[in-house]
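Reading through the structure tokens given below for one structure.
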Amino acid sequence: MGVFERHKPKEHRWLGPSAHARMPLIPSISAARWLLILIAVAGIYFFYGFLVPVLAAGVIGFATWPLYSDVVRRTGGNTTLAATVALAFIVTFLVLPIVLSAIYMAGEVREWFGWAVHVNRDGAPPPQWILALPVVGSWLGEQWTQYVGSPGSLGELAQLVSGAHIGNIYRAVLAAGGGAFHVVLTLLFMLIALFFIYRDGSTFVRQVDLLGERILPNRWERISRVVPATISSTVMGMTLIAIGEGIVLGVAYWIAGAPSAITLGVLTGVMALVPGGAPLSMSLVSIYLIASGSLWAGVGLFVWGTVELFIVDKTLRPKLVGGPIKLPFLPTFFGLVGGVKTMGFLGLFIGPVLMAIIVAIWREWIREAELTEEQHAQEPELQLRGPAASNTDRVPRSEPASSP
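Sequential numbering from 1 applies to the sequence shown in full-length UniProt numbering.
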């Protein structure tokens with residue numbers, strides 16, 4: 001270019017003169033991985049409030065994905081329309097019944113606490129059905145008078161158990177009812193996240209598969225098939241069984257004449273998520289009916305509940321819950337307890353799902369270890385037989401010529 005060549009003015013660096021190219025302090029791959037981890041941690045920290053509704057949406061999306069795939073096929077591949085139809089179905093047949101049941105149960109729980117406040121203030125004699133119990137009736141009556149019936153006794157018992165006065169507990173229950181706006185907002189975020197999971201789920205799954213093949217090239221193909229099937233079957237199986245047992249036993253409570261049949265049915269459905277919870281709830285209601293004088297109603301409820309729960313536990317539960325990974329009792333129990341302690345009600349589903357994933361990965365590693373040991377055990381045998389024998393094993397024998 002000669003004289004006409006133009007030179008750009010040299011830009012000054014903010015932090016001193018520029019240095020020559022040197023070896024990086026941290027390799028680019030390690031830096032990228034640490035940067036990704038830091039971004040993920042920062043995202044979890046800043047969007048922690050949205051974590052619960054997004055996890056709930058993910059669990060529902062995983063569990064109902066086979067049904068959603070059928071909706072996509074019926075709508076001609078229009079994912080937006082299919083996501084709208086699936087969301088309307090979820091709201092109509094899952095969200096609305098749960099919300100209505102929760103509202104009705106909250107009203108009855110308030111009445112129970114109102115009765116407890118009244119008894120704590122004025123006292124109450126032991127009920128006749130307690131005094132009429134054989135053998136233990138008089139002893140239970142004395143305990144009632146000492147710990148429940150006299151003024152102030154119920155408050156002392158509540159403070160001993162929970163560490164708070166019964167008045168504070170009652171006000172906390174009223175405040176929980178007033179916090180319905182937060183519940184509605186969380187539910188709205190969950191439905192929005194579920195819509196986008198339905199609509200863009202296939203694209204996200206392809207991206208996860210691409211990354212999974214890079215991270216776990218030898219294990220991802222099997223894990224990517226086992227884990228989604230396990231999550232879907234675990235969540236759908238637990239939900240269907242809990243809803244079914246809550247409805248069936250709730251109707252049985254109503255027929256038997258138990259008080260607050262809807263609330264007891266909802267509580268039984270929630271307890272059905274825990275191993276042994278539904279039989280315990282049904283047995284307690286049956287004992288109450290027998291003790292209150294409804295002998296045949298209590299006996300009939302116990303017999304019907306025992307037969308129904310036996311059929312469900314022996315036929316439906318093994319087929320619905322677990323999928324390819326049949327969770328033993330101890331991991332299921334740990335998943336339920338840990339999930340509830342960490343995430344509340346949603347933990348009843350998240351906990352077993354995480355345990356199912358852990359068990360699936362664990363069994364996959366054990367399977368690979370056993371295959372490796374089998375290969376190492378076969379190597380000395382091949383070495384003793386010699387290379388000719390190894391070649392003979394690898395090359396198929398030629399068929400003898402057939403006679404004309």
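Idealized CB from N, CA, C, for every residue including glycine.
Since the structure is predicted, the reported quantities are computational estimates derived from the model, not experimental observations.
* Does the beta-carbon of V235 have 16 or more other beta-carbons within 10 angstroms, so that it is buried, or is it exposed? -> As a working mapping, residue 235 is identified with position 235 in the sequence shown. Buried, by the Cβ-count rule.
* Asked: Can you find at least 3 beta carbon pairs, one from the region 73 to 87 and one from the region 192 to 206, that sit closer than 8 Å?
  -> yes
* Using the rule of at least 16 other Cβ atoms within 10 Å of the residue's Cβ for burial, across every protein chain shown, is G265 buried or exposed? -> If you number the sequence shown from 1, residue 265 lands on position 265. Counting Cβ neighbours within 10 Å, G265 comes out buried, since at least 16 surround it.
* Asked: Can you tell me whether V303 is buried or exposed, with buried defined as 16 or more other CB within 10 angstroms of its CB?
  -> Stepping through the sequence shown from its first residue, residue 303 is reached at position 303. When all chains shown are included, V303 counts as exposed.
* Cβ separation of F189 and F89, assumed to be a contact under 8 Å, to the nearest whole Å -> Indexing the sequence shown from 1 puts residue 189 at position 189. Indexing the sequence shown from 1 puts residue 89 at position 89. So it is not a contact: roughly 19 Å between Cβ atoms.
* To do: Closer than 7 Å by C-beta to R222: which residues in its own chain qualify, once you throw out the five before and the five after it? Chain order, please.
  => Start at 1 with the first residue of the sequence shown, and residue 222 comes out as number 222. The residues are E364.
* Asked: Is the number of C-beta pairs between the region 243 to 252 and the region 269 to 276 that are closer than 8 Å three or more?
  -> yes
* Asked: What first and last residue would you give for the alpha helix (DSSP H) that runs through P53?
  -> As a first step, residue 53 is located in the sequence shown; it is residue number 53 there, counting from the start. That run of the alpha helix (DSSP H) goes L51 to R74.
* If you drop the 5 nearest sequence neighbours on each side, which residues of the same chain put their C-beta closer than 6 Å to that of A42? -> Within the sequence shown, numbered from 1, the residue matching residue 42 stands at position 42. If the five residues before and after A42 are omitted, its C-beta is found closer than 6 Å to no C-beta atom of its own chain.
* Give every residue of the same chain whose Cβ lies closer than 8 Å to the Cβ of S138, excluding the five residues on either side of it in the sequence, and list them in chain order. => Taking the first residue of the sequence shown as position 1, residue 138 is located at position 138. So the list reads L131, once near-sequence residues are dropped.
* Asked: What are the boundary residues of the alpha helix (DSSP H) that includes D122?
  -> Locating residue 122 in the sequence shown gives position 122, counting from the first residue. Note, D122: alpha helix (DSSP H), L96 to D122.
* Taking the C-alpha atoms as reference points, what is the distance between E373 and T64? -> Start at 1 with the first residue of the sequence shown, and residue 373 comes out as number 373. Start at 1 with the first residue of the sequence shown, and residue 64 comes out as number 64. Rounded to the nearest angstrom, the two C-alpha atoms are 39 Å apart.
* Asked: What did DSSP end up calling V337 once you bin it into helix, strand or coil?
  -> Walking along the sequence shown from the start, residue 337 turns up at place 337. Three-state DSSP puts V337 in a helix.
* Tell me, please, whether the region 225 to 239 touches the region 247 to 266 by the rule of three or more beta-carbon pairs shorter than 8 Å. => Per the Cβ contact rule, the region 225 to 239 is not in contact with the region 247 to 266 (fewer than 3 Cβ pairs under 8 Å).
* Asked: Hey, out of L354, V340, L346 and A57, whose CA is closest to G227's CA?
  -> Stepping through the sequence shown from its first residue, residue 227 is reached at position 227. A small fix is needed here, since residue 227 is Val in this sequence, not Gly. The candidate whose alpha carbon is nearest that of V227 is L354.
* By Cβ distance below 7 Å, which residues in the same chain neighbour R214 in space, the five residues on each side in sequence not counted? -> Within the sequence shown, residue 214 is the residue found at index 214, counting from 1. Result list for R214: empty, nothing under 7 Å.
* CB T186 to CB V52, shorter than 8 Å? -> Position 186 of the sequence shown holds residue 186. Position 52 of the sequence shown holds residue 52. In this structure, T186 lies near V52, with their beta-carbon atoms less than 8 Å apart.
* Express the C-alpha separation of L211 and D313 in angstroms, rounding to a whole number. => The residue labelled residue 313 in the question sits at position 313 within the sequence shown. The residue labelled residue 211 in the question sits at position 211 within the sequence shown. Using only the alpha carbons, I get a separation of about 39 Å.
* **Same chain, Cβ closer than 8 Å to T239, neighbours up to 5 away in sequence not counted** => As a position in the sequence shown, residue 239 is number 239, starting the count at 1. The residues are A63 and F349.
* Asked: What three-state label does DSSP hand G276 in the structure shown?
  -> Within the sequence shown, the letter at position 276 stands for residue 276. DSSP places G276 in coil when its eight states are reduced to three.
* The alpha helix (DSSP H) with G305 in it runs from where to where? -> Numbered from its first residue, the sequence shown carries residue 305 at position 305. L295 to I311 is the span of the alpha helix (DSSP H), which, as asked, contains G305.
* Taking the alpha-carbon positions, what's the R33 to L216 distance? -> What you label residue 33 is simply residue 33 of the sequence shown in a count that begins at 1. What you label residue 216 is simply residue 216 of the sequence shown in a count that begins at 1. When rounded, the distance between both Cα atoms is 15 Å.
* Using a threshold of 8 Å, state whether the C-beta atoms of G141 and G123 are closer than that. => In the sequence shown, residue 141 corresponds to position 141, counting from 1. In the sequence shown, residue 123 corresponds to position 123, counting from 1. Taking a C-beta distance under 8 Å as the contact criterion, G141 and G123 do not qualify as a contact pair.
* Inter-residue Cα distance where the pair is L330 and L194 -> Indexing the sequence shown from 1 puts residue 330 at position 330. Indexing the sequence shown from 1 puts residue 194 at position 194. In a straight line, the C-alpha of L330 is about 31 Å away from that of L194.
* To do: Note down, in chain order, each residue of its chain lying with its Cβ closer than 7 Å to the Cβ of A261, except the 5 sequence neighbours on either side.
  => Locating residue 261 in the sequence shown gives position 261, where the first residue counts as 1. Counting only Cβ-Cβ distances below 7 Å, and skipping sequence neighbours, we find G250, Y253 and W254.
* **Alpha-carbon spacing of V337 relative to A377, whole angstroms** => In the sequence shown, residue 337 corresponds to position 337, counting from 1. In the sequence shown, residue 377 corresponds to position 377, counting from 1. If I take the Cα positions, the gap works out to 42 Å.
* Apart from the five residues on each side of it in sequence, which residues of its chain come closer than 7 Å, Cβ to Cβ, to V274? -> Indexing the sequence shown from 1 puts residue 274 at position 274. Excluding sequence neighbours, V274 sits near L336.
* Put A82 into one of helix, strand or coil per three-state DSSP. => Residue 82 sits at position 82 when you count from the first residue of the sequence shown. Three-state result, A82: helix.
* Look at M282 and G298 and say whether their C-beta atoms are less than 8 Å apart. => Indexing the sequence shown from 1 puts residue 282 at position 282. Indexing the sequence shown from 1 puts residue 298 at position 298. Result no, Cβ atoms of M282 and G298 do not sit closer than 8 Å.
* Considering only C-alpha positions, which residue in the set L295, P151 and K319 is nearest to A229? -> Here residue 229 is taken as the residue at index 229 of the sequence shown, counted from 1. Answer by Cα proximity: K319.
* **Cβ-Cβ distance between G351 and S294 below 8 Å** => On the sequence shown, residue 351 is found 351 positions in, with the first residue counted as 1. On the sequence shown, residue 294 is found 294 positions in, with the first residue counted as 1. Not in contact: G351 and S294 (Cβ atoms no closer than 8 Å).
* Simplified DSSP assignment, three categories, for S286 -> To locate residue 286, count along the sequence shown from 1; it is residue 286. Three-state result, S286: helix.
* **Three-state secondary structure (DSSP) of L349** => Residue numbering aside, residue 349 sits at position 349 when the sequence shown is read from its first letter. Note that residue 349 corresponds to Phe in the displayed sequence, not to Leu. F349 falls in the helix class under three-state DSSP.
* To do: Compare the C-alpha of T145 against each of P279, L133 and P125 and name the closest.
  => Your numbering for residue 145 matches position 145 in the sequence shown. The option with the nearest alpha carbon to T145 is P125.
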